[in-house]
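A.B. asks:
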Amino acid sequence: MGVAVPRRYISIEDLATARGVDPAKYTLGLGAREMAVAEPGEDTVALAALAAKRALDATGHRELGMLVVGTETGVDHSKPVASYVHGLLGLPTTMRVFDTQHACYGGTAGVMAAMEWIASGAAAGRAALVVCSDIARYGMRTAGEPTQGAGAVAMVIAQDPAMLELDVGISGAASTHVHDFWRPLGQREAQVDGHYSMQCYTEALATAYRGWKTRAIARELVRGDGLASEQLAQICYHVPFCKMARKAHVQVRQCDASDAGIADTDAAVAASFTQQVEPSLSACSRVGNIYTGSLYLALLGALDIGGRALAGKRVGMFSYGSGCTSEFFSGVVGARAADMVERAQLAGVLADRERITIDEYERIMTLVTPMGQPGPFLFTGVAEHRREYARG
Ligand code: COA
5 MGVAVPRRYI SIEDLATARG VDPAKYTLGL GAREMAVAEP GEDTVALAAL AAKRALDATG
65 HRELGMLVVG TETGVDHSKP VASYVHGLLG LPTTMRVFDT QHACYGGTAG VMAAMEWIAS
125 GAAAGRAALV VCSDIARYGM RTAGEPTQGA GAVAMVIAQD PAMLELDVGI SGAASTHVHD
185 FWRPLGQREA QVDGHYSMQC YTEALATAYR GWKTRAIARE LVRGDGLASE QLAQICYHVP
245 FCKMARKAHV QVRQCDASDA GIADTDAAVA ASFTQQVEPS LSACSRVGNI YTGSLYLALL
305 GALDIGGRAL AGKRVGMFSY GSGCTSEFFS GVVGARAADM VERAQLAGVL ADRERITIDE
365 YERIMTLVTP MGQPGPFLFT GVAEHRREYA RG
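In the working numbering, the protein residues as written are 5 to 396.
Below, the structure written as structure tokens:
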């Protein structure tokens, strides 16, 4: 895996103070600590290219047959972000290159396509590069403002996984046509019915989780007696804001308790949250929502904190895309996971950022042209309707 975040961030407490809101609402109520701020030069392509380069550098040379970018903040109605990334990284011509879109689920669509391509044998030994990259914007002084963010997570998906071996064919999906969050063509900020989106998320989770559980029990990956979710060493949820993961976990426990006819307690739910979910939120709380990449940033965070103790253990993952579609799936942590996580240098990537004031954040949010600073990959402007990028 490789991760990229904008070079600037704000403290969520500074934002609360500037908005006249009790900081506890954002820190305890939403579970946020810091929020990434992308300037126009750090667009979806630039972040994706950097994360992809880092993932490829971390995993060494592989023969790639597929590049997929999952994004809901693409830069063109026709030309995919993946095409720009392909060019910026100088990847081979002999591969498939495309984007996948369904709100925050888009990255998981890419992961599933890659996994099933490999499992089918069609990949014939080649690997896939899947990148999740997004800029999450709700606009200044909106309810969604403290749940913005930006970043990218890239993954090399291969026959011999080092970090996580996905359970092929063991997943549960849930989809419904709803308007909980969407972004009409031409709009930079999303439309969102925030409280309804949380309801859609938890309803989808219940169906998707039960679909996964039925298949996992049938294949004897988990036992059917008791609380199935407790047999997962970690559960990583899609994290639009960290408190959502807590609500998600309560939902999963409720499904388990109701299915097994067992009375759960608040203390048991809280203890399982601390052990099974909280480690995954540390990195997410410092970046904010990165849409498609949020689940995978949670996974990287959980593996980073869990370290070698997680090797050989099964983790659960829930991906949710507003609109909506969702999937609960699982995988077993690889013996070399801790080494691969170390190569992703998550702590270093987060430490290597600059904290800016709310005045500076507000100025950046109004910019439409790049700030023109050097960086590994940067959007520099448009000439003859073509987006141009520079490599630092
Ligand atoms: N101290 C501690 N907690 C506080 C507080 C305070 N002073 N004031 C409020 N809170 C808590 C609330 O109780 C609530 O927690 P709860 O849901 O566990 O009860 C939380 O802070 C948020 O408060 P709320 O009034 O619901 O916030 P809001 O209506 O201003 O907006 C969102 C919250 C998430 C709806 C909004 O940020 C949003 O729309 N975000 C984008 C959509 C999104 O991410 N959807 C997720 C599904 S994909």
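The beta carbon of each residue, even a glycine, is placed where N, CA and C say it ideally should be.
Roughly how many whole angstroms lie between the Cα atoms of Leu354 and Arg312?
C.D. replies: Residue 354 sits at position 350 when you count from the first residue of the sequence shown. Residue 312 sits at position 308 when you count from the first residue of the sequence shown. Each residue's Cα considered, the two are about 22 Å apart.
A.B. asks: What's the gap between the Cα of Gln203 and the Cα of Asp197?
C.D. replies: Within the sequence shown, the letter at position 199 stands for residue 203. Within the sequence shown, the letter at position 193 stands for residue 197. Looking at the two C-alpha atoms, the distance is approximately 10 Å.
A.B. asks: Whole angstroms are fine: how far does the CA of Pro165 sit from the CA of Ile294?
C.D. replies: As a working mapping, residue 294 is identified with position 290 in the sequence shown. As a working mapping, residue 165 is identified with position 161 in the sequence shown. If I take the Cα positions, the gap works out to 24 Å.
A.B. asks: Please state if the CB of Ile122 and the CB of Ala107 are separated by a distance shorter than 8 Å.
C.D. replies: Here residue 107 refers to the residue found at position 103 of the sequence shown. Here residue 122 refers to the residue found at position 118 of the sequence shown. Contact: no.
A.B. asks: For Val256, which residues from the same chain have a beta carbon less than 6 Å from its beta carbon, with the 5 sequence-adjacent residues on both sides left out?
C.D. replies: In the sequence shown, residue 256 corresponds to position 252, counting from 1. Around Val256: Tyr213 and Ser233.
A.B. asks: Sort out for me which residues DSSP pairs Thr169 with in a bridge.
C.D. replies: As a first step, residue 169 is located in the sequence shown; it is residue number 165 there, counting from the start. One detail in the question is off: residue 169 reads as Glu in this sequence, not Thr. Val336.
A.B. asks: Could you give the residue range of the beta strand (DSSP E) that holds Arg219?
C.D. replies: In the sequence shown, the residue the question calls residue 219 occupies position 215. Taken as a continuous stretch (DSSP letters only), Arg219 belongs to no beta strand (DSSP E), being part of the alpha helix (DSSP H) at Gly198 to Ala222.
A.B. asks: Would the beta-carbon of Leu307 fall within 8 Å of that of Val281?
C.D. replies: One-based indexing of the sequence shown puts residue 307 at position 303. One-based indexing of the sequence shown puts residue 281 at position 277. Their beta carbons are not under 8 Å apart, which means Leu307 does not touch Val281 by this criterion.
A.B. asks: What separation, rounded to the nearest whole angstrom, lies between the Cα atoms of Tyr324 and Ser87?
C.D. replies: In the sequence shown, the residue the question calls residue 324 occupies position 320. In the sequence shown, the residue the question calls residue 87 occupies position 83. So the alpha carbons of these two residues sit roughly 25 Å apart.
A.B. asks: Hey, Ala178 and Thr211 are a contact pair by Cβ (cut 8 Å); roughly how many whole angstroms apart?
C.D. replies: Reading the sequence shown from its first residue, position 174 is the one you call residue 178. Reading the sequence shown from its first residue, position 207 is the one you call residue 211. Right, their Cβ atoms sit about 4 Å apart.
A.B. asks: Look at the alpha carbon of Glu364 and the alpha carbon of Ala394, and state the distance between them as a whole number of angstroms.
C.D. replies: Taking the sequence shown and counting its residues from 1, the one referred to as residue 364 is at position 360. Taking the sequence shown and counting its residues from 1, the one referred to as residue 394 is at position 390. Their backbone Cα atoms lie some 24 Å apart in a straight line.
A.B. asks: Mind checking whether the beta-carbon of Leu299 lies closer than 7 Å to any heavy atom of the ligand COA?
C.D. replies: Position 295 of the sequence shown, counted from the first residue, corresponds to residue 299. Checking the Cβ of Leu299 against the ligand COA gives no.
A.B. asks: Which of helix, strand or coil does DSSP assign to Gly379?
C.D. replies: As a position in the sequence shown, residue 379 is number 375, starting the count at 1. In the structure shown, Gly379 sits in coil (DSSP, three-state: anything other than H, G, I, E or B).
A.B. asks: Given this structure, state the Cα-to-Cα distance separating Phe322 from Tyr300, to the nearest angstrom.
C.D. replies: For the purposes of this step, residue 322 is identified with residue 318 of the sequence shown, where counting begins at 1. For the purposes of this step, residue 300 is identified with residue 296 of the sequence shown, where counting begins at 1. Roughly 10 Å separates the two Cα atoms.
A.B. asks: Would you mind sorting Ala387 into buried or exposed? The rule is 16 or more other CB atoms within 10 Å of its CB.
C.D. replies: In the sequence shown, the residue the question calls residue 387 occupies position 383. Counting Cβ neighbours within 10 Å, Ala387 comes out exposed, since fewer than 16 surround it.
A.B. asks: Do the stretch 262-278 and the stretch 84-104 make contact, defined as three or more Cβ pairs closer than 8 Å?
C.D. replies: Because the criterion of three Cβ pairs below 8 Å is not met, the stretch 262-278 and the stretch 84-104 do not touch.
A.B. asks: Kindly list the residues whose CB is nearer than 6 Å to the CB of Arg187, restricted to its own chain and excluding five residues on each side of it in sequence; keep chain order.
C.D. replies: If you number the sequence shown from 1, residue 187 lands on position 183. For Arg187, where only same-chain residues beyond five positions count, the Cβ hits under 6 Å are Ala194.
A.B. asks: Measure the C-alpha to C-alpha separation of Met143 and Gln152 and round it to an integer number of angstroms.
C.D. replies: Here residue 143 refers to the residue found at position 139 of the sequence shown. Here residue 152 refers to the residue found at position 148 of the sequence shown. Inspection of the sequence shows that residue 143 is occupied by Gly rather than by Met. Cα to Cα, the separation comes out at about 8 Å.
A.B. asks: From this set, Glu67, Ala42 and Met70, which residue's C-alpha is nearest Arg367's C-alpha?
C.D. replies: Numbered from its first residue, the sequence shown carries residue 367 at position 363. Checking every option, the nearest Cα to that of Arg367 belongs to Ala42.
A.B. asks: Pro374 and Leu54: beta carbons closer than 8 Å?
C.D. replies: Along the sequence shown, one-based indexing puts residue 374 at 370. Along the sequence shown, one-based indexing puts residue 54 at 50. No. Outside cutoff.
A.B. asks: Using the C-alpha atoms, what's the distance from Met159 back to Met70?
C.D. replies: Counted from its first residue, the sequence shown places residue 70 at position 66. Counted from its first residue, the sequence shown places residue 159 at position 155. Looking at the two C-alpha atoms, the distance is approximately 12 Å.
A.B. asks: Buried or exposed: which applies to Gln465, given that a residue is buried once 16 or more other Cβ atoms fall within 10 Å of its Cβ?
C.D. replies: Since the first residue of the chain shown is 5 and the last is 396, residue 465 is not available in this structure.
A.B. asks: Taking buried to mean at least 16 other C-beta atoms within 10 Å of its own C-beta, is Gly191 buried or exposed?
C.D. replies: Taking the sequence shown and counting its residues from 1, one reaches residue 191 at position 187. Here residue 191 turns out to be Gln, not Gly, going by the sequence shown. Burial call: exposed.
A.B. asks: Of the residues Ser330, Ala249 and Gly94, which one's Cα is nearest the Cα of Ser276?
C.D. replies: Stepping through the sequence shown from its first residue, residue 276 is reached at position 272. With distances taken between Cα atoms, Ser276 lies closest to Ala249.
A.B. asks: Select from Thr75, Gly316, Val172 and Arg219 the residue whose C-alpha is nearest the C-alpha of Asp103.
C.D. replies: Along the sequence shown, read from residue 1 onward, the residue named residue 103 stands at position 99. When each option's Cα is compared against that of Asp103, the closest is Thr75.
A.B. asks: Please indicate yes or no: does the CB of Phe245 lie closer than 7 Å to some heavy atom of the ligand COA?
C.D. replies: Taking the first residue of the sequence shown as position 1, residue 245 is located at position 241. Checking the Cβ of Phe245 against the ligand COA gives yes.
A.B. asks: Over the uninterrupted alpha helix (DSSP H) stretch that includes Tyr421, give me the two end residues.
C.D. replies: Here the chain has residues from 5 to 396 only, and residue 421 is not among them.
A.B. asks: Over the uninterrupted alpha helix (DSSP H) stretch that includes Ile122, give me the two end residues.
C.D. replies: Indexing the sequence shown from 1 puts residue 122 at position 118. Boundaries of the alpha helix (DSSP H) harbouring Ile122: Gly110 to Ser124, taken from the DSSP string.
A.B. asks: With burial defined as no fewer than 16 other Cβ atoms inside 10 Å of the residue's Cβ, what is the status of Thr98: buried or exposed?
C.D. replies: Residue numbering aside, residue 98 sits at position 94 when the sequence shown is read from its first letter. Burial call: exposed.
A.B. asks: Please state whether the Cβ-Cβ distance between Leu34 and Pro150 is less than 8 Å.
C.D. replies: Along the sequence shown, one-based indexing puts residue 34 at 30. Along the sequence shown, one-based indexing puts residue 150 at 146. Against a cut-off of 8 Å, the Cβ pair of Pro150 and Leu34 comes out as a contact.
A.B. asks: Gln349 and Pro283 - do their beta-carbons sit closer together than 8 Å?
C.D. replies: On the sequence shown, residue 283 is found 279 positions in, with the first residue counted as 1. On the sequence shown, residue 349 is found 345 positions in, with the first residue counted as 1. Cβ atoms of Pro283 and Gln349: not closer than 8 Å.
A.B. asks: List, from N- to C-terminal side, the alpha helix (DSSP H) runs of 4 residues or more that fit wholly inside the stretch 296-366.
C.D. replies: 298-310, 341-348 and 350-355
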